[in-house]
Structure formats: structure tokens, C-alpha cells
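One point on numbering: in our numbering, the residue at position 541 of the first sequence is 627, and numbering is uninterrupted.
All residues carry an ideal CB built from backbone N, CA and C; glycine is no exception.
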Amino acid sequence: MSILEQAKQHIFEKVVALVGNDSLINDIIVDYPPEAAWGDLSIACFVLAKLNKQSPVELAKQLAGQISADEVIGQVQAVGPYLNFFLKPEYLNQAVAESLDGRAGYSQEPIDERIMIEYSNINTHKEYHIGHLRNICYGDAVAKILAANGYRVDKVSYVNDFGIHAAKTLWQFKKNQRAVGEGYILGHLYTAASQALETDADGKQAVAEIMKQIEARSGEDYKLWQETRRWSIDYFDSIYQRLKIKFDQIYYENEVIDDGRELVSKLLKQGVLQESQGAVIADLEQYGLGVLVLLRSDGTALYPVADLALAAKKFTKTKLSRSIYVVDNRQSLYFQQLFKVLELAGFQTKLVHLPYDFVRLPEGMMSSRSGRVITFEEVYEEAKSKARLEITKRHSDWSESKIDQAAEIITIGVLKFEMIKVGADKIITFDLNEALRFDGFTAVYLQYVVARINSLLKKGHAKLSGQLPLELLTESKERELMLALAKFASVVKEAGRRYEPSILAKYLFDTSRLFNDYYQSTTIIQADAAKQTARLALAAAVARVLTNGLEILGIETLAEM
RNA sequence: GCGCCCGUAGUUCAAUGGAUAGAACACCAGCCUUCUAAGCUGGUUAUCUAGGUUCGAUUCCUAGCGGGCGUACCA
């Protein structure tokens, strides 16, 4: 437990002992006052007072009188119906030491549960756009947060390489072969194909022929499929490398689809699935979930077939306590249906669909088929050239490779942060100019704080080990910073409990703002030796929390910028 | 039709039943002969409507309005 969690527990126990009524325990909630000056922790006395048939103001006053200062609590104040606690300075000082630890924010108590999280489900033969970027950034941040909370996390991805979209792209490719070997180009071909096929009946015929060969796994088109599939996968790998995101396992539709068909016929025999109008369906009307179609009336497979096989594969291979699917909220009904079928099929793993809202453009929805998309490549290039420019302005003496490395870290940080800084239930209206900002609520703001602190540490002379004179940190801004540091561990927990990286992003930003404010109003290197040591320790603790917090969000920091 | 999600400042977002609804961007005015100005300080502006539950509602419930999405052979 972090020192703040211990303090909360301590206060809770004291109040429980005084109130002495077990039925009230759930109503004793140790919270934070809205204003730093009012205290570090607080309890609202409304419910307690009501059940005790007292006025809340009276009860707060009475409790304040009964609780005395100790090794944790410095002062207690009743402010109206609120009971406010100030932590003892020596106690709060421990937050600095706690945060200086290299593992700050990472749980020291492993949880004996294994969670599989599936995200970045993409299609080969199509482009990679900023919608995919939101998915992978959000999914990866959640995975890292859960890991930081002590869970064992398996990160998996599922690639749809076997659908009709591949045939369409190939059809276009055969018409005008160009850019051989480049996965990036396939996305453009898909768009061109979709548009052309709207009016081209012969084309549709040809696409169907290509699809047949792919499914039959033989012929010229199958070979071409194999080759182009590889281009796509290599291209996606290059994106993953830039994002520094790794999966434990990547599944491909073409590898599970046959198992899926087998599973479907088994479930059909068992009566979990039914035949209807020539198709194979799951009739889920009795659960209020409508009907899920698995096989078309022509016998070809739909999406859920592979998903069933994939689930079966996941659950039999490893013993999971939870299986999470990070997929946008348009598929909420689909996942309810899928989960119900899996349950009826006898699988018992706890299934979670983790929905998030989609990315749209100011002018409307993105659409691969119409080509109205912003690709990852476009945003990446624009952001990176802007980063290069900004760095060059500030560091004329840096080498080209040093500039490039820094620009890369800034670019990826900005893009990731942009994708996770808002709640998952919010539509992101992607404005390129907005996304290319390097000030305000952005990754750069946080990275900048770390770089500045790093520079302080280089210039200062303090040794930050052994006994630190933290008792010299008495200014109100120093107290506020220490309290902010102390909250780190519980913020990571909260973000995990709610699957919400934006909570952590916001916390890191708030903490950075506090530090910038402090930095502006205080001298650190110029202070006398003891003060310098104490303040550098505080600054180093802030940098550690920001670095680890960003790392948990998948974002790197820089020593200099 | 039915179901799900969202309506907060000019814009993009925060506040998951608590104290004076917070930030960022944009706009205006300041701050670099002192630790990185990618920074800091100050200023203007908001809970879609109507009911209800509650000591207390941006938050929960009901109805309406507005936007988005889904709803048997797309993924």
C-alpha cells in the first residue's frame, strides 16, 4: 500500500472506532477536499450524521474534537459538515522517497489473475488510419495499466487477412500493378476498388473468382494473396515498431477459420445454433439479443465463425480469469451476442467487451471505402516534420540523428497522448492542427517537465541518496506537490479499475502543472545546499512519477529537448 | 419502430451523489542580463429542456429535444 492509502486506512479505522457502528462502515469514505488549503483528506459527515440522528455539522465538530494528532495525522478540522485532515509533514515527506523509487506506480503485490486483452484488430490489404491508432493506443495503455496493477497480461491481436476486402484489393492491383512490395499502397488500392466496383458488375464477378481461389488456397490469385498479405503485415509491423508496441500473440483469420467451421457444425448438432432460411444462426431472441448469423445461405463464413474459434483457442490454451476485447462501441450488440453464444457453448471465462467511441473528421465519418480517411502515415509525417522544425529552432548544434531520435519520441508521444487523453466514451473529432499542438494538454508538456528536471539534476550538486533534508519542504506548493506524488499509486489503480487511461493522463498533466508553477516561483539550484538537496529530491521524484506514468501509457521521455 | 452511447465556456475536454462546476485551445494584457519561454501570471465565458428522488444532482430516475451508432446473411 502506498503511504496515502495507508493514511486513508488509518483515518478510516479511527473514525470507525469512534462511530462504533458496523452498519455505517460503507458510509465512511475518505476523499480529497476540492481545495488544497482545506486539507489533504476529508470525510463528508452527512450520512453518518443522519443515521446517528445528529446534524452533520455537529458530528463533524464532535469527531474533530475526538481525533487527536498522531504519527499520521497532523491536524483535524471540522469545516461545516466536513471533517478535514492535514497529514503530518514528516509523514507526507515519505511521498518523496516513495516516488523516487524506480518502480513507483507499479504494484509491488502481484495479483494471481491472468487477463488476455485483444486489440489492434486490423485488416490486411487495407490502410491503417487514425481509427486504428485510437484502438491500439487505448488497448495498449489499458494493457500496460493492468500490468502495472499487478495482473499478468497477455496482449493479443487478431488480423483479418481472409475476407472479401483482400479480393477487392487484389482485383485492383492486377489492373495496374505498381509499388510492388509496399503495404502502404494496398490501402489506396482498396479504396479505388471499392469505388470502381460500385458500378462494375464484371468486376464483382472477377472479385468473386479471386475470393474463391483464396479460399481454396490454390491458384495464381492465392499466390498473389500470400505475397500481398505479407506486404501488409510487414507494413503493420513497421507501424508497431514505431509505436513500440509488441503483442504476445497475433492470430490470423486464415489460420482459425477452419476450426471455426468445425466448431459451428458441432454447435449446430448440439442445438446451440440453428438453421434458418438456409443460413446458420444463433437465435438469441429469448435473451433480447436478436439473431446472429454465422454462415451465409451460400455456406460462406461470417465474422463470428473465426471469433468463436479464436475464443476457444484462447481459453483452452491458457487459464484466464478475464478476456477483454477492445473494439469500438458500434459492435456492442455483436459482442453481447458472441458472449452469449460462447456461454451457451459452455465456455466459462469472464468476457469483457471494452468499447470506445470512434474517430471522425470535422467533415464527417471516416470511411475506407470512400477514401475519406486520415492515415497513420500522413499524421506521423506531419507531426514528425513539425517536431524536427521545433527541435532545430532550439538546438542548432544537434546532429541530424539526434534530432531525428528526439523528433520520433515526441511524435509518437503526441499521437498516443492525443488518442488516450479523452474518455473512451467520447467521439474524437480529429483535427490535424489540434493534434499537432505541442503545448497545453499534450505529451510534449509532460516531456518538457521531465527534460527540465533532468537539466536541473545535471546542474545541481546534490546527492539524492541517504538521509534527505525533506523537512525543509515547507512551502504550500511543495506540500501540494508531495500530495500529488502520493496519489500516483491510487490513480493507476483507479485507471485500471475503470479501464480508463485518460484518468492517468489527466493526473500526470495536473502534476506537471503544479511543478511548472512551483518551478517558476522557486529557485532550486540557487538555494542553499540543504534546500537545494531537498528541492532537487522533490523535483527528481516528480520526474520519476511522470516518467513512469508516461511509460504506463506507452510514452517515452527525453533527457533533453 | 426498438436498443445503446453522447449533450458542460466560442472550441475540445474534466468533474462516476458532496464544499466556490475545473483545464486546455483561442482572444487580450504582462513575465527571459537567474535553474530550458515547448514555460509562467492575470482577464472574459458554461451544466439542452421540464419534472422527480435526495440534506445535497453535471452525475441517479421519468418524459421531451438535439447529435451519433446499432438493429439476419458488412466487419
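Identified DSSP bridge partners for residue i
| i | result |
| --- | --- |
| residue 658 | Only positions 87 to 647 of the chain appear in the structure, and residue 658 is not among them; the question remains open. |
| residue 292 | DSSP lists no partner for residue 292. |
| residue 461 | 215 |
| residue 209 | 246 |
| residue 128 | 117, 170 |
| residue 451 | 446 |
| residue 510 | BP columns for residue 510 are empty, so no partner. |
| residue 387 | 381 |
Element boundaries [alpha helix (DSSP H), containing residue i]
| i | result |
| --- | --- |
| residue 446 | Element bounds for residue 446: not the alpha helix (DSSP H) but the beta strand (DSSP E), 445-447. |
| residue 280 | 269-283 |
| residue 636 | 615-638 |
| residue 381 | Not the alpha helix (DSSP H): residue 381 falls in the beta strand (DSSP E), residues 377-381. |
| residue 582 | 562-583 |
| residue 304 | Careful: residue 304 lies outside any alpha helix (DSSP H) and carries neither H nor E. |
| residue 596 | 587-607 |
| residue 420 | 418-430 |
| residue 104 | 89-105 |
| residue 148 | 142-152 |
N-terminal and C-terminal residue of the beta strand (DSSP E) that residue i is part of
| i | result |
| --- | --- |
| residue 438 | 437-440 |
| residue 361 | 360-362 |
| residue 338 | 335-338 |
| residue 498 | No beta strand (DSSP E) contains residue 498, which is instead part of the alpha helix (DSSP H) from 486-506. |
| residue 367 | 365-369 |
Sub-8 Å separation of residue i and residue j beta-carbons
| i | j | result |
| --- | --- | --- |
| residue 339 | residue 276 | no |
| residue 205 | residue 154 | no |
| residue 134 | residue 105 | yes |
| residue 535 | residue 598 | yes |
| residue 539 | residue 629 | yes |
| residue 350 | residue 310 | no |
| residue 125 | residue 95 | no |
| residue 175 | residue 132 | no |
| residue 211 | residue 255 | yes |
| residue 302 | residue 257 | no |
| residue 396 | residue 337 | yes |
| residue 474 | residue 201 | no |
| residue 215 | residue 460 | yes |
| residue 600 | residue 632 | no |
| residue 223 | residue 502 | yes |
| residue 253 | residue 297 | yes |
| residue 354 | residue 427 | no |
| residue 227 | residue 546 | no |
| residue 646 | residue 529 | no |
| residue 90 | residue 626 | no |
Is it the case that the region 405-420 contacts the region 350-362, given that we only count it when at least three CB pairs across the two stretches are under 8 Å? Result no; under three Cβ-Cβ pairs closer than 8 Å.
**OP:** Examine the Cβ distances between the region 176-196 and the region 571-590 and report whether three or more of them are shorter than 8 Å.
**Re:** As far as the Cβ criterion goes, the region 176-196 touches the region 571-590, which means the pair count is three or higher.
Is the region 515-535 in contact with the region 484-491, if contact means three or more CB pairs nearer than 8 Å? Short answer: they don't touch.
- Task: Evaluate contact between the region 588-597 and the region 139-151, counting only Cβ atoms and requiring at least three cross-stretch pairs below 8 Å.
- Result: The region 588-597 makes no contact with the region 139-151: fewer than 3 CB pairs, one atom from each, lie closer than 8 Å.
As an exercise, report each continuous alpha helix (DSSP H) stretch of at least 4 residues that is fully enclosed by the region 513-555, in chain order. If we require 4 residues or more, the alpha helix (DSSP H) runs fully inside the region 513-555 come out as 518-521, 529-545.
Which complete beta strand (DSSP E) runs does the region 155-183 hold, if anything under 3 residues is left out? Residue ranges of uninterrupted beta strand (DSSP E) with 3 or more members, entirely inside the region 155-183 and ordered along the chain, are 159-165, 168-173.
- So, do the region 462-476 and the region 377-391 have three or more beta carbon pairs nearer to each other than 8 Å? At 8 Å Cβ cutoff, the stretches do not touch.
Does the contact criterion of 3 or more C-beta pairs under 8 Å hold for the region 366-373 versus the region 331-347? A contact is defined here as three or more CB-CB pairs under 8 Å, and the region 366-373 fails this definition with respect to the region 331-347.
- Item | At least three beta-carbon pairs within less than 8 Å, the region 446-458 to the region 423-436 | The answer is no - the region 423-436 does not touch the region 446-458, with fewer than three Cβ pairs under 8 Å.
**Asked** Counting pairs of beta carbons, one from the region 281-295 and one from the region 229-238, are three or more of them closer than 8 Å?
**Response** Touching, no, given that fewer than three Cβ pairs across the two stretches are closer than 8 Å.
Inter-stretch contact (C-beta, 8 Å, three-pair minimum) for the region 192-211 and the region 538-558:
A contact between stretches requires three or more CB pairs, one per stretch, nearer than 8 Å, and the region 192-211 fails this requirement with the region 538-558.
Are the region 187-194 and the region 220-236 touching, with three or more C-beta to C-beta distances below 8 Å?
-> A contact is defined here as three or more CB-CB pairs under 8 Å, and the region 187-194 meets this definition with respect to the region 220-236.
Entirely enclosed beta strand (DSSP E) segments - the region 313-358, minimum 3 residues: Listed in chain order, they are 335-338.
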